[in-house]
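For reference, the structure discussed in these notes is given below.
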Amino acid sequence: MKIRSLLVATLLLASASPAFAVTHTVNNAADFNALPSLNAGDVVVLNSGTYGSLNKTLVSTISTDALALSNPIYVYAATPGGVDVTAPSQITLQGRGIILAGLDFVSGSGMLANGDDTPVWIIKTDANSRHMTISNVRFLNCTAGDNYGHWLYLEGFNHTVEYCSFEGKNEPNRNATVAFKRHTSEAGITTPRNHVLRYCYFGPREASNASGSTGNGYETIRIGDSASQAHDMNVTIERNVFYRAIWRNDGAKPNDMEIISNKSKGNKILHNTFLESYGQLTLRHGDACLVEGNYIIGGGYYSGSSILMNSANSHQTGIRIIGTDHVVRNNFLINLIGTNLRAALCLMGGESSHTDGNGSGGYNGYEAAHNAQIYNNTFVDCTEINLGYRSAGTVSPTGVQIYNNAWQGSGTSNGIVRSNSFTPAGSGGNYIYHPSGSYGWTGLTGGTYTSSASPQVTESFDNYKRPTSTSPLLNAANTTLVAGDDIRGLTRPSTNRDIGSYEREVSGSGFRPLLRGEVGPEFDGGPGDTYPTPPPADTTPDITTTTLPGATVGVSYSQTLAVTSGEAPYTWSISTGALPAGLSLNSSSGALTGTPTTAGTANFTARVQDSDGDFDTQALSLVVSAPAQVATPTFSPAGGTYSSAQSVTISSATSGATIRYTTNGTNPTSSSGTLYSGAVNISATTTLKAIAYASGMTDSAIATATYTISAGDPEVVPVAAPDSTPWDTAGSNGPACLYDGVTADGGNGSRWASNASPDTLSIAPRSVVLDLGASYQLSKIVLHPYQSRAYHYELYVSDNTSAWGTAVVNVQQSTGATSYTHTVSATGRYVRLVVDGITGSTTTWASINELDLFGTAVPTVATPTFSPAGGTYSSAQSVTISSTTSGAAIRYTTDGSTPTASTGTLYSGAVNISATTTLKAIAYASGMADSAVATATYTISGGGTGAFIMSADQVVMEAENANSRTAGGGKNWTDITLSGASGAASDNAIQALANSGTTASAPGTGTPRADYQIVVPSGAATTFYVHVRANGPSGSDDSIYISVNGSTSTYQNFTTTGALGWKRANNTITLPAGTQTLTLWMREDGTIIDKIVINTSTTLPTGTGPMESARQ
125 MKIRSLLVAT LLLASASPAF AVTHTVNNAA DFNALPSLNA GDVVVLNSGT
175 YGSLNKTLVS TISTDALALS NPIYVYAATP GGVDVTAPSQ ITLQGRGIIL
225 AGLDFVSGSG MLANGDDTPV WIIKTDANSR HMTISNVRFL NCTAGDNYGH
275 WLYLEGFNHT VEYCSFEGKN EPNRNATVAF KRHTSEAGIT TPRNHVLRYC
325 YFGPREASNA SGSTGNGYET IRIGDSASQA HDMNVTIERN VFYRAIWRND
375 GAKPNDMEII SNKSKGNKIL HNTFLESYGQ LTLRHGDACL VEGNYIIGGG
425 YYSGSSILMN SANSHQTGIR IIGTDHVVRN NFLINLIGTN LRAALCLMGG
475 ESSHTDGNGS GGYNGYEAAH NAQIYNNTFV DCTEINLGYR SAGTVSPTGV
525 QIYNNAWQGS GTSNGIVRSN SFTPAGSGGN YIYHPSGSYG WTGLTGGTYT
575 SSASPQVTES FDNYKRPTST SPLLNAANTT LVAGDDIRGL TRPSTNRDIG
625 SYEREVSGSG FRPLLRGEVG PEFDGGPGDT YPTPPPADTT PDITTTTLPG
675 ATVGVSYSQT LAVTSGEAPY TWSISTGALP AGLSLNSSSG ALTGTPTTAG
725 TANFTARVQD SDGDFDTQAL SLVVSAPAQV ATPTFSPAGG TYSSAQSVTI
775 SSATSGATIR YTTNGTNPTS SSGTLYSGAV NISATTTLKA IAYASGMTDS
825 AIATATYTIS AGDPEVVPVA APDSTPWDTA GSNGPACLYD GVTADGGNGS
875 RWASNASPDT LSIAPRSVVL DLGASYQLSK IVLHPYQSRA YHYELYVSDN
925 TSAWGTAVVN VQQSTGATSY THTVSATGRY VRLVVDGITG STTTWASINE
975 LDLFGTAVPT VATPTFSPAG GTYSSAQSVT ISSTTSGAAI RYTTDGSTPT
1025 ASTGTLYSGA VNISATTTLK AIAYASGMAD SAVATATYTI SGGGTGAFIM
1075 SADQVVMEAE NANSRTAGGG KNWTDITLSG ASGAASDNAI QALANSGTTA
1125 SAPGTGTPRA DYQIVVPSGA ATTFYVHVRA NGPSGSDDSI YISVNGSTST
1175 YQNFTTTGAL GWKRANNTIT LPAGTQTLTL WMREDGTIID KIVINTSTTL
1225 PTGTGPMESA RQ
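Here the working numbering is used: the first residue of the sequence shown is 125, the next is one more, and so on.
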């Protein structure tokens, strides 16, 4: 039985407030212009066709922001772009929550004239409107009608403009294409508007040839105006493309150069792409804006999925900063050759009389760019950065911080130009490269000016340029002011960040220059799946699962209840009855899972409710069956008496069942006992037990069988008696008599008689140890006492003579006999007999005619072998260890000690021998005797004073073991003894002494040097990193020079810590095959060097580093 409910309909019928949502169909402009007020959830569908003038204020009655977001009004073209608007129009969105989409304003359309000189619009969001969305709308050559106004005019709050395109607002059609403005009736200056404009395309706009006031007003986007510069608008302009957004076909300079004209506070201009436009991103008025992640490409144009560059002219420019507290970071600018106001970056001075005003009026002049932060930007082939430029007024910007910017200049003119009165509040980490040396102003302290060392921003990546892997920008950022993310929006590392906008160490694409197909309406070449359409009509959920498969006790169960229709997400529950014990219903997925614990039939009702309250129920039954029992194991051959050892197979008739067994009399379970994997060898009388089990079934009964092996094992004859209580020296009374095969005493003849004369022991015990020569599995021991005495004795078996464990025989014979037989099951090489008394006597003698031992030899694991074998080698060796015994484990030592089955290093892979070493190994396996210990000595012939031998692209040198040292300037690298240094206990580091505070300006004949010869094998890498373990005790003695084969040296500084630490040289070195010389030169005396490691890894060594390499 099913019960369904459509909750929304019930609620709407019971409510006196909103009416039912209505769908309006529009076929022409007259239908559109006659639309009534619209309510939450209303839908207006515009059928395709050519529409004339649209002149309508669309009024929304939605009363709350929450309702506007959850149930908006849709006004959209049935086919995206299918509504062609061909006459001047004016659409105003009033109220809350209207989504307008799919209109195509084409030639013939434009702004309705209003008969005066105030700006008009094509689409406007009205004052105090909220949460409007304009999506997938095209404006193309809409120049008919009024020529002064905006194609898109936004007042109100929280509006979104996305996937639209704007092209052809050509002269004399003036004023900003898109304008964000505040209305004085809306709110105070501190209330943000929170608009977003994203994924839009701004195509060519021919700027006016006129001059004066009519030559201005060609902005693409204006955020605020001079009167509202004190307003905190908080508008975000992100992920848009501007191609020829201000343009002159004749190549002349347009009067207006503000593509984006910011004229309010707190706005964000993020990750936009600017291509071949005669303008710039201008922070004209307002404060505290963020400009980040933008790509400004002079001469840029699309060619398929690539962005190429034409030659640029001086009208193509970058970013201009006016106003206080702006942040400009992580931007990429290339091929911008403008100067002064049109420089790639222009930081403006201002007028002392400037004021932001009170929100209803403000000064129209220039405010100095005080407190600007300019960092981690990249400039490639640009002409000029202009700092403090003043077109009017005398105020230079103060409080400005300029850090970690990369300038890869073209060298054609002064790269950095500044007003004479401008000085930054802070700078550092800036890398200024100008190949001609025409740096211009060199006052950006704490950075680098160079005409020779390019920053190498040359590697093509995602349609822009990034630094190469050997760029000097890498890991070189100043930490005072550095971006936490890079231009892609990827997180930079916590330390050693890069200069410029790109962080080389971090992989991934992230944000990048946008392609034409990623912006604008989907019907105008934009991306698909961006067109807004209303959600489907409300439906009732329907549970389509009507029966459930059966379950079995103890078997995992999983079945997902299915539902169609309704609005996800769904919520599942059990409304009546109960699930079988052990099962549960997932409330989100409808999955019925678990392991049933009780057999029976469960009847219950499942209920599902969708996201808007509609629900359905379904009565269900689930039968849980008891599990079947696994068949009891059988043995082949069956238990019984046999004359020889038996190989017993165990099986169960249940397919797929697992078996466990025991041979020690205990009962196996499904989690204890030995897992059966093959025939069980029975070589002595044994009780064998087995159990079988399988998933979803009851464990089998335990099968039991006893196997009696009647044939005795052969006698084992000891080879020696290494330890015994002192024996009677008269006659043949030594320990060897116990195994000489003579069981009759022969008077005072062949027997072990302990301590008979003199009798120095007042009481027992007497003991003797017999060595079997190898490990045996003993099954029987027969003791023949002298004169049939009833001795008290114990017998122990062990593989060593120091740990005997528990006695395998411990008896006190009450009556005498010529022999005593004991059945045992013990393994070992040594047998110890202890006699500690005799029934009916106080004698301290122990006299035994013979001790007979029976058993079989335990196989011994094959002795390990080494490859290569021990010997003398000229380089480090990688030694593998193996044993021919399958499954044997190996332990080894390199310190001269002898390994055992429980001591030494467990072998898991080749052992690296880089110095003279004695290698020992032992192999062992369950049920077998340990192998003999294998020993091999490897002599590494290096270790002299010759060249250091590189192995596996690495060479390691103790600093004190230089091949030669040369004094200079009255100083030399001198051996010292330093706690914590590697190498020898003394003279284990070198220091540049005497330490008198001297700094060498360059390496040379007046500078002490230490030379290290290195043999680089053929086929090795050629590019290496140099890691030095050193100590700069203070800031005046913490640097050296490094050179190879007398080449140009590189300067290296060490962190002053007062302790040894690792540091990687900033530059790599080249070591071709053959013998090369690495030289460490003193730069500052007092520097201490402990060890040098050269390899191909950027990872610093840890601790004292690897062992020193072999030497010729």
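Note that CB positions come from ideal geometry on N, CA and C, so glycine has one too. Bear in mind the structure is a predicted one, so any value in this text is a computation, not a measurement.
Beta strand (DSSP E) runs contained entirely in the segment 797 to 854, provided each spans 3 or more residues: 804 to 806, 810 to 817, 827 to 833, 844 to 848
Tell me whether the segment 900 to 909 and the segment 973 to 980 touch, counting them as touching only if at least three CB pairs, one residue from each stretch, are closer than 8 Å. yes
Less than 6 Å between C-beta atoms, sequence neighbours within five positions excluded: which residues of the same chain meet that for S578? Residue mapping note: residue 578 aligns to position 454 of the sequence shown, counting from 1. Y557, listed in sequence order.
Best match in V932, T996, A914, P983 for proximity to D960 [C-alpha to C-alpha]: The count along the sequence shown starts at 1 and reaches residue 960 at position 836. Considering only alpha carbons, the answer is A914.
My understanding is that L597 touches Y555, with C-beta atoms under 8 Å, so please give their C-beta distance in whole angstroms. Reading the sequence shown from its first residue, position 473 is the one you call residue 597. Reading the sequence shown from its first residue, position 431 is the one you call residue 555. With a Cβ gap of about 6 Å, L597 and Y555 count as contacting.
Taking the alpha-carbon positions, what's the I458 to I383 distance? Here the question's residue 458 lines up with position 334 in the sequence shown. Here the question's residue 383 lines up with position 259 in the sequence shown. Computed Cα separation, rounded: 17 Å.
Taking the straight line between their C-alpha atoms, what separation do you get for Q440 and D228? Against the sequence shown, residue 440 aligns to sequence position 316. Against the sequence shown, residue 228 aligns to sequence position 104. C-alpha separation (whole angstroms): 31 Å.
For N1177: DSSP bridge partner residues: As a first step, residue 1177 is located in the sequence shown; it is residue number 1053 there, counting from the start. Paired residue(s): S1163.
Can T700 and T722 be called in contact, C-beta distance under 7 Å? Locating residue 700 in the sequence shown gives position 576, where the first residue counts as 1. Locating residue 722 in the sequence shown gives position 598, where the first residue counts as 1. No, they are not a contact pair.
Report buried or exposed for P757, applying the criterion of at least 16 other Cβ atoms within 10 angstroms of its Cβ. For the purposes of this step, residue 757 is taken as the residue at position 633 of the sequence shown. Its Cβ being crowded by 16 or more others within 10 Å, P757 is buried.
Would you call G567 buried or exposed, if buried means 16 or more other Cβ atoms sit within 10 Å of its Cβ? Position 443 of the sequence shown, counted from the first residue, corresponds to residue 567. Result: exposed.
Taking 6 Å as the limit between beta carbons, can you name the residues of its chain near D449, skipping five residues before and five after? Against the sequence shown, residue 449 aligns to sequence position 325. The answer, listed in chain order, is D411, A412, N495.
Quick one, are the C-beta atoms of D823 and Y831 less than 7 Å apart? For the purposes of this step, residue 823 is taken as the residue at position 699 of the sequence shown. For the purposes of this step, residue 831 is taken as the residue at position 707 of the sequence shown. Cβ atoms of D823 and Y831: not closer than 7 Å.
For L1290, is the classification buried or exposed, using 16 other Cβ atoms within 10 angstroms of its Cβ as the cut-off for buried? For the chain, the structure presents residues 125 to 1236; residue 1290 sits outside this window and is missing.
V958 and S891: beta carbons closer than 7 Å? Start at 1 with the first residue of the sequence shown, and residue 958 comes out as number 834. Start at 1 with the first residue of the sequence shown, and residue 891 comes out as number 767. In this structure, S891 lies closer than 7 Å to V958 by Cβ.
Would you identify the three-state DSSP class for R254, choosing helix, strand or coil? Translated into the one-based positions of the sequence shown, residue 254 becomes position 130. Strand at R254.
Around the Cβ of V843, are there at least 16 other Cβ atoms within 10 angstroms (buried) or fewer (exposed)? In the sequence shown, the residue the question calls residue 843 occupies position 719. Per the 10 Å Cβ criterion, exposed.
Between Y277 and W245, is the Cβ-Cβ spacing less than 7 Å? Mapped onto the sequence shown, residue 277 falls at position 153. Mapped onto the sequence shown, residue 245 falls at position 121. Yes, the pair counts as a contact, with Cβ atoms nearer than the cut-off.
From S1050, S874, E508, N529, residue whose alpha carbon lies closest to that of S971: Residue 971 sits at position 847 when you count from the first residue of the sequence shown. When each option's Cα is compared against that of S971, the closest is S874.
Who are the near neighbours of D610 in its chain, counting only those whose CB is closer than 7 Å to its CB and skipping five residues on each side? Position 486 of the sequence shown holds residue 610. Counting only Cβ-Cβ distances below 7 Å, and skipping sequence neighbours, we find N454, R616, S625, Y626, E627, V630.
Determine which residues share a DSSP beta bridge with W565 and list them. As a first step, residue 565 must be located in the sequence shown, where it is residue number 441. Note: W565 sits in no beta bridge, so no partner.
Beta-carbon proximity of T688 to D662, cut-off 7 Å: Against the sequence shown, residue 688 aligns to sequence position 564. Against the sequence shown, residue 662 aligns to sequence position 538. No, the pair does not count as a contact, with Cβ atoms beyond the cut-off.
Helix, strand or coil at I887 according to DSSP, with G and I counted as helix: One-based indexing of the sequence shown puts residue 887 at position 763. With a pLDDT of 42 at I887, under the threshold of 50, the modelled position of that residue is not reliable, and the figure given next carries that caveat. Coil at I887, not helix or strand.
Mind checking whether L685 and G714 have CB atoms under 7 Å apart? Stepping through the sequence shown from its first residue, residue 685 is reached at position 561. Stepping through the sequence shown from its first residue, residue 714 is reached at position 590. In contact: L685 and G714 (Cβ atoms closer than 7 Å).
Cβ pair G273, M235 closer than 7 Å: As a first step, residue 273 must be located in the sequence shown, where it is residue number 149. As a first step, residue 235 must be located in the sequence shown, where it is residue number 111. Taking 7 Å as the Cβ cut-off, G273 and M235 qualify as a contacting pair.
Three-state class that DSSP yields for D505 in the structure shown: In the sequence shown, residue 505 corresponds to position 381, counting from 1. Coil, per DSSP.
Around the Cβ of D1209, are there at least 16 other Cβ atoms within 10 angstroms (buried) or fewer (exposed)? Sequence index remark: in the sequence shown, residue 1209 carries index 1085 (1-based). So D1209 ends up on the buried side.
Strand pairing of T406, partner residues [DSSP]: Here the question's residue 406 lines up with position 282 in the sequence shown. DSSP output for T406 lists S385, R444 as bridge partner(s).
How many angstroms separate the CA atom of W565 from the CA atom of D1111? Working through the sequence shown from its first residue, we reach residue 565 at position 441. Working through the sequence shown from its first residue, we reach residue 1111 at position 987. Answer to the nearest angstrom: the Cα atoms are 51 Å apart.
Rounded to whole angstroms, what's the CA-CA distance from S1002 to T984? Just pull it up for me. Here the question's residue 1002 lines up with position 878 in the sequence shown. Here the question's residue 984 lines up with position 860 in the sequence shown. Taking the straight line from one Cα to the other gives about 27 Å.
Look at the alpha carbon of T188 and the alpha carbon of P658, and state the distance between them as a whole number of angstroms. Locating residue 188 in the sequence shown gives position 64, counting from the first residue. Locating residue 658 in the sequence shown gives position 534, counting from the first residue. Answer to the nearest angstrom: the Cα atoms are 19 Å apart.
Closer than 6 Å by C-beta to N418: which residues in its own chain qualify, once you throw out the five before and the five after it? Chain order, please. In the sequence shown, residue 418 corresponds to position 294, counting from 1. Cβ neighbours of N418 beyond the five flanking positions: N396, N455.
Could you give the distance in angstroms between the alpha-carbon of A750 and the alpha-carbon of T765? Along the sequence shown, one-based indexing puts residue 750 at 626. Along the sequence shown, one-based indexing puts residue 765 at 641. Looking at the two C-alpha atoms, the distance is approximately 40 Å.
Between the CA atoms of A950 and E918 - distance to the nearest angstrom: Indexing the sequence shown from 1 puts residue 918 at position 794. Indexing the sequence shown from 1 puts residue 950 at position 826. Spanning the two alpha carbons is a distance of roughly 14 Å.
With DSSP as the reference, identify every bridge partner of A1045, one or two as the case may be. Looking up residue 1045 in the sequence shown gives position 921. Partner(s): Y1016, A1058.
From this set, N788, G802, M821, which residue's C-alpha is nearest T809's C-alpha? As a first step, residue 809 is located in the sequence shown; it is residue number 685 there, counting from the start. Closest by alpha carbon: N788.
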